[in-house]
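Q: Quick one: this structure, given as structure tokens, is what I'll be asking you about.
In the working numbering, the protein residues as written are 29 to 230.
Take a look at the structure:
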């Protein structure tokens with residue numbers, strides 16, 4: 029998997045849907061001073077740069093399976109902490125380590141989703157919050173995809189290996205012992221939005 033993402037991040041800078049997604053989710057980034065924040069799947073750091081613009085006092089850590097992306101982001105944001113991680117293994121942090129976690133368009137790329145949700149819940153402090161975004165796949169949207177663009181959306185070359193509905197995303201969040209508090213969509217309009225977000229707390 030890491031080999032694939034070394035190639036994936038070689039020429040990619042920021043996700044195409046970031047700008048209208050950001051309008052919806054930036055309100056949830058903590059404004060308090062000294063908050064510890066983990067960016068799970070930080071890539072090359074474009075999103076984390078925007079997060080730090082909103083609150084420069086954040087103590088941030090970024091992790092990604094791509095060593096190339098981690099090397100890049102260490103030069104891009106030298107005063108923060110970044111680690112390369114291995115897919116399918118526990119995260120290298122103590123229980124209750126972070127006040128806030130972002131997992132933005134990452135979970136659709138994960139094989140062992142049960143482990144990842146469990147680990148993110150473990151390292152989140154009691155009362156801490158996690159902000160998740162994933163592409164949305166619901167009944168009407170799936171019917172349209174099947175009729176008109178199945179091969180485009182489900183091409184074997186897509187990096188997406190998990191496809192979430194609102195129900196399945198909330199089930200995973202609750203199964204990890206997390207409590208959803210805000211949910212919404214972004215991009216286009218319901219029932220065919222591009223993606224969805226959920227803010228949950230421990």
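Backbone N, C-alpha and C fix where the C-beta goes; we use that ideal spot for every residue, glycine too. Since this is a predicted model, take the numbers as computed values, not measurements.
Who are the Cβ neighbours of residue 207 in its own chain at under 7 Å, not counting the five residues just before and after it?
A: Working through the chain shown from its first residue, we reach residue 207 at position 179. Hits under 7 Å: 228 and 229.
Q: State the DSSP-derived secondary structure class of residue 112, mapped to helix, strand or coil.
A: Within the chain shown, the letter at position 84 stands for residue 112. Here residue 112 sits in strand by DSSP.
Q: Check residue 192 in the structure and name its three-state DSSP category.
A: Position 164 of the chain shown holds residue 192. Correct three-state label for residue 192: strand.
Q: Within 10 angstroms of the Cβ of residue 168, are there 16 or more other Cβ atoms? Answer buried if so, exposed if not.
A: Start at 1 with the first residue of the chain shown, and residue 168 comes out as number 140. Residue 168 comes out exposed.
Q: By how many angstroms is the C-alpha of residue 84 removed from the C-alpha of residue 61?
A: Numbered from 1 along the chain shown, position 33 holds the residue referred to as residue 61. Numbered from 1 along the chain shown, position 56 holds the residue referred to as residue 84. Near 8 Å, if we compare the C-alpha coordinates of residue 84 and residue 61.
Q: Pick from 107, 82 and 73: whose alpha carbon is nearest that of residue 21?
A: No answer is possible for residue 21: the residues shown for the chain start at 29 and end at 230.
Q: According to DSSP, what are the bridge partners of residue 207?
A: Taking the chain shown and counting its residues from 1, the one referred to as residue 207 is at position 179. BP columns for residue 207 point to 229.
Q: Would DSSP call residue 91 helix, strand or coil?
A: Counting from one through the chain shown, the residue named residue 91 turns up at place 63. Strand.
Q: How should residue 53 be labelled, buried or exposed, when 16 other C-beta atoms within 10 angstroms of its C-beta is the threshold for buried?
A: For the purposes of this step, residue 53 is taken as the residue at position 25 of the chain shown. With 16 or more other Cβ atoms within 10 Å, it is buried.
Q: Can you list, in chain order, the residues of its chain whose CB lies under 6 Å from that of residue 127, leaving out five sequence neighbours each side?
A: Taking the first residue of the chain shown as 1, we reach residue 127 at position 99. If we look at residue 127 and ignore the five residues flanking it on each side, its Cβ neighbours are 63, 64, 153 and 156.
Q: Leaving out five residues on either side along the sequence, give the residues of the same chain with a beta carbon under 6 Å from the beta carbon of residue 104.
A: On the chain shown, position 76 is the one that residue 104 refers to. So the list reads 73, once near-sequence residues are dropped.
Q: Taking the alpha-carbon of residue 195 as reference, which of 49, 59 and 211 has the nearest alpha-carbon?
A: By one-based count along the chain shown, residue 195 stands at place 167. Comparing Cα-Cα distances from residue 195 to each of 49, 59 and 211, the minimum goes to 211.
Q: Please state the DSSP three-state secondary structure of residue 134.
A: What you label residue 134 is simply residue 106 of the chain shown in a count that begins at 1. Residue 134 falls in the coil class under three-state DSSP.
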